[in-house]
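S.K.:
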Amino acid sequence: MINTSFFKLILMKILRVLSLLMALCFISFFLVSHSPIDPVQAYVGADMTRVGAEQRDQIAKHWGLDKPPVERFLLWGKSILKGDMGTSMIYRSPVSEVIKQRFLASLALMGIAWILSGILGFIMGIIAAMMNGSWIDKIIKWYSLTLASTPTFWLGLLLLMVLSVKFGWFPIGMGVPAGVLAEEVTLANRINHIILPALTLSITGVANIALHTRQKLIDVLESDYILYARAKGESGFKLLLRHGLRNIALPAVTLQFASLSELFGGSVLAEQVFSYPGLGQATVQAGLRGDLPLLLGIVLFSALFVFSGNLIADIIYKLVDPRLKEGKSI
Amino acid sequence: MLEVNNLSISFIQYEKGLKQKTIQVISDLNIKISKGEILAIVGSSGSGKSLLAHAILGILPKNALMSGTILYDGRELTTKRQKKLRGNEIAFIPQSVNFLDPLMKVGSQVRSSVSAGEKKEKQRKIFDRYSLDSRTDSLFPFQLSGGMARRVLVASAVVGGAKLIVADEPTPGLHPEVVNETLGHLRELANQGCAILLITHDIGTALNVADSIAVFYSGITIEISPVSDFSGKGESLRHPYTKALWNALPQNDFNPIDGFQPSHIEQHSGCPFNSRCTFKSSECVSKLPLIRDVRFGKVRCYHAT
Ligand SMILES: Nc1ncnc2c1ncn2[C@@H]1O[C@H](COP(=O)(O)OP(=O)(O)OP(=O)(O)O)[C@@H](O)[C@H]1O
Ligand code: SF4
Ligand SMILES: [Mg+2]
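From first to last, the protein sequence lines are chains A and B.
Each step along the first sequence adds one to the number in our numbering, with nothing skipped, and position 35 is 35.
Each step along the second sequence adds one to the number in our numbering, with nothing skipped, and position 7 is 1007.
1) So is the beta-carbon of serine 1050/B under 7 Å away from any non-hydrogen atom of ligand 3?
2) For the putative contact between leucine 342/A and valine 253/A, defined by C-beta atoms under 8 Å, what is the C-beta separation to the nearest angstrom?
3) Lysine 328/A by DSSP, collapsed to three states: which one?
4) Applying a beta-carbon distance threshold of less than 8 Å, which residues of chain A neighbour arginine 1111/B?
5) Would methionine 130/A and proline 293/A be called neighbours here (beta carbons separated by less than 8 Å)?
6) Once you ignore the five residues that flank isoleucine 1196/B on each side, which residues in its own chain have a CB closer than 6 Å to its CB?
7) Lysine 1021/B bridges to which residues according to DSSP?
8) How big is the Cα-Cα spacing for glycine 86/A and glutamate 184/A?
9) Which class does methionine 1066/B belong to by DSSP, given the choice of helix, strand or coil?
10) If contact means a Cβ-Cβ distance below 9 Å, which residues of the segment 225 to 237 of chain A contact chain B?
11) Scan the segment 1216 to 1271 of chain B and note each continuous beta strand (DSSP E) run of 3 residues or more that stays entirely inside, going in chain order.
12) In whole angstroms, what separates the C-alpha of serine 275/A from that of glutamine 256/A?
13) Going by C-alpha distance, which of Lys1233/B, Tyr1302/B, Thr1069/B is nearest proline 1272/B?
14) Alpha carbon to alpha carbon, how far is glycine 1117/B from alanine 270/A? Give it in angstroms, no decimals.
15) Starting from arginine 1295/B and walking both ways along the alpha helix (DSSP H), at which residues does that stretch end?
16) What does the alpha-carbon distance come out to for the pair leucine 304/A and valine 320/A?
17) Measuring straight from C-alpha to C-alpha, what distance separates isoleucine 1093/B and proline 1061/B?
18) Which of the three DSSP states, helix, strand or coil, is assigned to aspartate 1128/B?
19) Please state whether the Cβ-Cβ distance between valine 1114/B and aspartate 1137/B is less than 8 Å.
20) Exposed or buried, tyrosine 1014/B, counting other C-beta atoms within 10 Å across all chains shown (16 or more means buried)?
21) Per DSSP, aspartate 1168/B forms a beta bridge with which residues?
22) For asparagine 1088/B, go through chain A and note every residue whose CB falls closer than 8 Å to its CB, in chain order.
23) Quick one: using the 10 Å Cβ neighbour count with 16 as the cut-off for buried, is tryptophan 76/A buried or exposed?
24) If you measure from the beta carbon of asparagine 1098/B to each beta carbon in chain A, is any gap under 8 Å?
25) Does histidine 34/A pass the burial test, meaning 16 or more other C-beta atoms within 10 Å, or should it be called exposed?
26) On the DSSP bridge assignment, give the partners of asparagine 1005/B in chain order.
27) Look at glutamine 1095/B and aspartate 1168/B and say whether their C-beta atoms are less than 8 Å apart.
28) Any C-beta of chain B sitting closer than 8 Å to the C-beta of proline 251/A?
29) Please confirm if aspartate 1073/B has its CB atom under 8 Å from at least one CB of chain A.
30) For a test of the three-state rule: what should DSSP assign to aspartate 219/A, helix, strand or coil?
31) Mind checking which residues open and close the beta strand (DSSP E) that includes valine 331/A?
32) With C-beta atoms as the reference, is serine 164/A less than 8 Å away from leucine 199/A?
33) Between the Cα of aspartate 1293/B and those of Ala1248/B, Asp1133/B, Leu1237/B, Ala1244/B, spot the shortest distance and give me the residue it belongs to.
34) Nearest by alpha-carbon distance to tryptophan 63/A: which of Leu145/A, Ile80/A, Lys8/A, Arg92/A is it?
35) So, using beta-carbon positions, are isoleucine 1222/B and valine 1285/B closer together than 8 Å?
36) Cβ of glutamate 1169/B within 7 Å of any heavy atom in ligand 3?
Here is the structure:
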């Protein structure tokens, strides 16, 4: 079923992303090492006045900040190849470890938002297309267009203010209750803390998929094959199920995979608003506090993450759409 | 079997400043087909052929307004009857394989026209009849060759036990062999008692199989004649446009007429052909001629004999 040209295609994609990652390494290293933030100062923080010049030099030496950029880049490159990606200055553990931990927390958040927004958006798109031109359609369209231009952090703050502060239904941020030992945190605690950020992400996440599904289904409903199906006596819900869903499901799923970058971007903001201890929050911390190895690690990781989404979207299309599934003809 | 009387179809269009305008694309159209007969509808692009087919099947777009009556089996073909009959007694053969769902295997698409009984078995039997082997069942439309696609579409019309078949341009851009094969299938179905409305813009195709030919011009029927009248220099034809069509064929004088047909007729502007007609007189410009019987045929022209 799957033939060599398919593997060749995947291989090409992987080679392409490898070269992309390489370029990304150079560019981000260059940008970060030219940033106006002095890593030593950011590392020491508010205690700066009490730290003497000698101590500063020691700190710089400890983290290798005194070496020339080229040497630092090579050292960093070596750690990438080793797999630990260097040591995070703020968490004082290997960058790969930090990313893994943080990403697992983010994964729960993004996963929930991803599935929720996918299903809701898909259904909204179908309803809008079926009622094309009606007030329901107009509301869904208006909602989606408005949301598409609503900043995530603004929406997050709004939800926080109304649902947590005013009504007290949800905790005001963090991933787990404050002051509770790690072993005593229950699943219910975690769920309780994840609902609001996930909701924030989902509410904005439906816009894209809803609009896309709506347009796709409208096109399908105007297509020749729907006309022919009607001429053959098919109608109503059965017609939608047989020919409509079949033709809009695949583009919707692939769009969802291809939109991981927006999801990731959104989660950086949402995690910041809700102080949710995920990868997004770590990104902001690393940036603000000049944690060069961590920041670079996250840049590489997120690029890989987004690329995987796109690759999966491509693969699904190739495997599922009979028109692209080469070598499967008689 | 099927009778269309005074059919008019118009569309409402919104112009600048929300002004509404109705455009009548089919006006006062009459045709009639009996059992075992193939009536070909000939007309150039935009003359309203497809809309006629869609009106018979009840699949006109929402913004279309229709008036006039369609009788099927002697009784009015209401929306309710259309819904009940289409797909089985009244079948549609579309123009191309693009009318099949691109993501659905053709076998199961054809089975959807079977209303009762062993669906799979019936579909297989029809496929056998059109020499489509069992591998065809699980092919997707894009995998069909031109000839196979035609046969699948014909099979799909026949599988429901059609008595009236509306075929809209069933042979565009096909290999002459495939064209002849498809037309042969239609002739065979007619000989078994089907009534067939064959829509085409190619008068050659029509002459090959049809019993009579209705010529469309700007949404009206200008002439209905038995095929036998299309002979010689077109002396037995009635309407100047039909004669011109006939004489424009390569095997005849190959002598096309100048000008274009208007896309729809303007009310009170007379015969739509008048700008291209050499027999034009003053009444031709003021009032649309009525359709009338002339020598076993019908014509809409003041000066036809
Ligand atoms: N939905 C619509 N709204 C407005 N006008 C329409 C619509 N559908 C068709 N028309 C008009 O009706 C006229 C007849 O269209 P129709 O498709 O029946 O032509 P046709 O004879 O089948 O042409 P062809 O040979 O190109 O298939 C055209 O002039 C077209 O512009
Ligand atoms: S009615 Fe007049 S203009 Fe029209 S075809 Fe006949 S002669 Fe020509
Ligand atoms: Mg047409």
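Just so it is clear, CB atoms sit at the ideal spot from N, CA and C, and this is done for glycine as well.
M.R.: With the structure as the only source:
1) Looking up residue 1050/B in the second sequence gives position 50. Checking every heavy atom of ligand 3 against the Cβ of serine 1050/B, one is found closer than 7 Å.
2) Since the first and last residues shown for chain A are 1 and 330, residue 342/A lies out of range.
3) As a first step, residue 328/A is located in the first sequence; it is residue number 328 there, counting from the start. Because lysine 328/A sits at a pLDDT of 45, beneath the cut-off of 50, its placement in the model cannot be relied upon, and the point is left open.
4) In the second sequence, counting from the first residue as 1, residue 1111/B sits at position 111. Within chain A, no residue comes near arginine 1111/B; the closest Cβ sits about 11 Å away, beyond 8 Å.
5) Reading the first sequence from its first residue, position 130 is the one you call residue 130/A. Reading the first sequence from its first residue, position 293 is the one you call residue 293/A. No, these two residues do not count as a Cβ contact at 8 Å.
6) For the purposes of this step, residue 1196/B is identified with residue 196 of the second sequence, where counting begins at 1. Within the same chain, isoleucine 1196/B has close Cβ partners Ile1038, Ile1165, Leu1186, Ala1190.
7) In the second sequence, counting from the first residue as 1, residue 1021/B sits at position 21. DSSP, once it has assigned bridges, lists Gln1013/B as partnering lysine 1021/B.
8) Working through the first sequence from its first residue, we reach residue 86/A at position 86. Working through the first sequence from its first residue, we reach residue 184/A at position 184. Each residue's Cα considered, the two are about 32 Å apart.
9) The count along the second sequence starts at 1 and reaches residue 1066/B at position 66. Strand, per DSSP.
10) Tyr225, Ile226, Leu227, Tyr228, Ala229, Arg230, Ala231, Lys232, Gly233, Glu234, Ser235
11) 1220 to 1226
12) For the purposes of this step, residue 275/A is identified with residue 275 of the first sequence, where counting begins at 1. For the purposes of this step, residue 256/A is identified with residue 256 of the first sequence, where counting begins at 1. The straight-line gap from Cα to Cα measures roughly 26 Å.
13) Taking the second sequence and counting its residues from 1, one reaches residue 1272/B at position 272. For the options Lys1233/B, Tyr1302/B, Thr1069/B, the alpha carbon positioned closest to that of proline 1272/B is the one of Tyr1302/B.
14) Looking up residue 270/A in the first sequence gives position 270. Looking up residue 1117/B in the second sequence gives position 117. Approximately 58 Å, taken between the alpha carbons.
15) Along the second sequence, one-based indexing puts residue 1295/B at 295. Where arginine 1295/B is concerned, there is no enclosing alpha helix (DSSP H), given that its DSSP letter is neither H nor E.
16) Stepping through the first sequence from its first residue, residue 304/A is reached at position 304. Stepping through the first sequence from its first residue, residue 320/A is reached at position 320. Spanning the two alpha carbons is a distance of roughly 24 Å.
17) On the second sequence, residue 1093/B is found 93 positions in, with the first residue counted as 1. On the second sequence, residue 1061/B is found 61 positions in, with the first residue counted as 1. Their Cα atoms are separated by approximately 18 Å.
18) For the purposes of this step, residue 1128/B is taken as residue 128 along the second sequence, with counting starting at 1. Of the three classes helix, strand and coil, the one that applies to aspartate 1128/B here is helix, per DSSP.
19) On the second sequence, residue 1114/B is found 114 positions in, with the first residue counted as 1. On the second sequence, residue 1137/B is found 137 positions in, with the first residue counted as 1. Contact flag unset, no.
20) The residue you call residue 1014/B lines up with position 14 of the second sequence. Under this definition tyrosine 1014/B is an exposed residue.
21) Taking the first residue of the second sequence as 1, we reach residue 1168/B at position 168. According to DSSP, which records beta bridges pairwise, aspartate 1168/B is partnered with Ile1199/B.
22) Mapped onto the second sequence, residue 1088/B falls at position 88. In chain order: Gly233.
23) For the purposes of this step, residue 76/A is taken as the residue at position 76 of the first sequence. It is buried - the Cβ of tryptophan 76/A has at least 16 other Cβ atoms within 10 Å.
24) What you label residue 1098/B is simply residue 98 of the second sequence in a count that begins at 1. True, the Cβ-Cβ gap to chain A drops below 8 Å.
25) As a first step, residue 34/A is located in the first sequence; it is residue number 34 there, counting from the start. With fewer than 16 Cβ atoms within 10 Å of its Cβ, histidine 34/A is classed as exposed.
26) In the second sequence, the residue the question calls residue 1005/B occupies position 5. Per DSSP, Thr1069/B.
27) Within the second sequence, the letter at position 95 stands for residue 1095/B. Within the second sequence, the letter at position 168 stands for residue 1168/B. A contact, by the Cβ cut-off of 8 Å.
28) Sequence index remark: in the first sequence, residue 251/A carries index 251 (1-based). Residue-level contact by beta carbon fails for proline 251/A and chain B, as no gap is shorter than 8 Å.
29) Here residue 1073/B corresponds to residue number 73 of the second sequence, with the count starting at 1. Not an interface residue.
30) Looking up residue 219/A in the first sequence gives position 219. Residue state, collapsed to three classes: helix.
31) Coverage of chain A is limited to positions 1 through 330, which leaves residue 331/A absent and any answer about it impossible.
32) The residue given as residue 164/A occupies position 164 in the first sequence. The residue given as residue 199/A occupies position 199 in the first sequence. It is not a contact, given that the beta carbons lie outside the stated cut-off.
33) As a first step, residue 1293/B is located in the second sequence; it is residue number 293 there, counting from the start. Measuring from the Cα of aspartate 1293/B, the nearest candidate turns out to be Leu1237/B.
34) Translated into the one-based positions of the first sequence, residue 63/A becomes position 63. It is Arg92/A whose Cα lies nearest to the Cα of tryptophan 63/A.
35) Counting from one through the second sequence, the residue named residue 1222/B turns up at place 222. Counting from one through the second sequence, the residue named residue 1285/B turns up at place 285. In this structure, valine 1285/B does not lie closer than 8 Å to isoleucine 1222/B by Cβ.
36) Within the second sequence, numbered from 1, the residue matching residue 1169/B stands at position 169. Within the cutoff, so yes.
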